[in-house]
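For the sequence shown, my numbering begins at 277 and goes up steadily by one.
This report concerns only the one structure given below.
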Amino acid sequence: MILDGSRAEMIKVYLDNNCWDFLFFHQLDLAVELPADQFEVWLARESEMEIPPLEAKNPELHLFIQLTRKKCNVRTERILGFDEPGLPESERRFGGFENDVRWAAQDEHEYWKTVPIKTSSKRPKTKLYKDEADRALAARSIESVVVTSDAIKSGPLRDARLEGRKVLQLPDKDNIPQGWSLRSAILSVSEGQP
Numbered sequence: 277m278i279l280d281g282s283r284a285e286m287i288k289v290y291l292d293n294n295c296w297d298f299l300f301f302h303q304l305d306l307a308v309e310l311p312a313d314q315f316e317v318w319l320a321r322e323s324e325m326e327i328p329p330l331e332a333k334n335p336e337l338h339l340f341i342q343l344t345r346k347k348c349n350v351r352t353e354r355i356l357g358f359d360e361p362g363l364p365e366s367e368r369r370f371g372g373f374e375n376d377v378r379w380a381a382q383d384e385h386e387y388w389k390t391v392p393i394k395t396s397s398k399r400p401k402t403k404l405y406k407d408e409a410d411r412a413l414a415a416r417s418i419e420s421v422v423v424t425s426d427a428i429k430s431g432p433l434r435d436a437r438l439e440g441r442k443v444l445q446l447p448d449k450d451n452i453p454q455g456w457s458l459r460s461a462i463l464s465v466s467e468g469q470p
């Protein structure tokens, strides 16, 4: 939590879909790790689209995600915009003037211009293009903390992390440093420390 006089500013955190494996493996309670009076926990719409296929692959993980989202009020954010005509609701990335839709910041627009979507490869299970969710999160890491396990592999989140944006690379789930906590790690990244 960042204090400015007597005012506390909420820390906005976005979860990459792959961090659910880490949270589930360690049975971390987001309500304890990231109290609602200090943290807003979000999914980018593109990250949310990666969750449904998990139900068949790992039903216990899928249930953990659903229960955690409900308990911790993990909401999905869409950027105001227009999708391709005819897309079913389950494949829409953008939103209109409803709740949890916001205007993209100028920095995000600039980022998207430099990192275009790779439309040559669409994943059938998620209906997302290659790196589409990571690209959406990398744009959000300009202003908010993004929690991921992907910042070591080549791609938008690794690039964002190397550029000094707010990307938290989770430790290997089998090799967590002694004394490490999700809250402390997010606070460090939020304050500009790697």
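Note that the Cβ used here is the ideal one computed from N, Cα and C, for glycine as well.
Predicted model, so just to flag it, every value in this text is computed and none were measured.
Check, Outcome
"Gln445 - DSSP class collapsed to helix/strand/coil", "strand"
"Rounded straight-line distance, which links the Cα of Val317 to that of Val300", "Sequence inspection shows Phe at residue 300; the Val mentioned does not correspond to that position. If you take the alpha carbons of Phe300 and Val317, they lie about 16 Å apart."
"Segment limits, beta strand (DSSP E) that includes Lys347", "Careful: Lys347 lies outside any beta strand (DSSP E), inside the alpha helix (DSSP H) at 335 to 348."
"Per DSSP, cross-strand counterpart(s) of Trp318", "Tyr290, Arg351"
"Ser264: first and last residue of the uninterrupted alpha helix (DSSP H) it sits in", "Missing from the structure shown is residue 264; the chain here goes from 277 to 470 and no further."
"Val423, enclosing alpha helix (DSSP H) - first and last residue", "That residue, Val423, is in no alpha helix (DSSP H); its beta strand (DSSP E) goes 421 to 424."
"As assigned by DSSP and simplified to three states, the class of Thr390", "helix"
"For Ser396, three-class secondary structure by DSSP", "strand"
"DSSP-derived helix/strand/coil call for Glu285", "strand"
"Backbone CA spacing between Asn451 and Leu444 [nearest angstrom]", "16 Å"
"Boundaries (first-last residue) of the alpha helix (DSSP H) holding Ala312", "Run containing Ala312: none; DSSP gives neither H nor E here."
"The alpha helix (DSSP H) enclosing Asp435, as first and last residue numbers", "432 to 438"
"Neighbourhood of Ala307 by C-beta, 8 Å cutoff - its chain only, sequence neighbours within 5 removed", "Lys347, Cys348"
"At least three beta-carbon pairs within less than 8 Å, the region 288 to 305 to the region 403 to 423", "yes"
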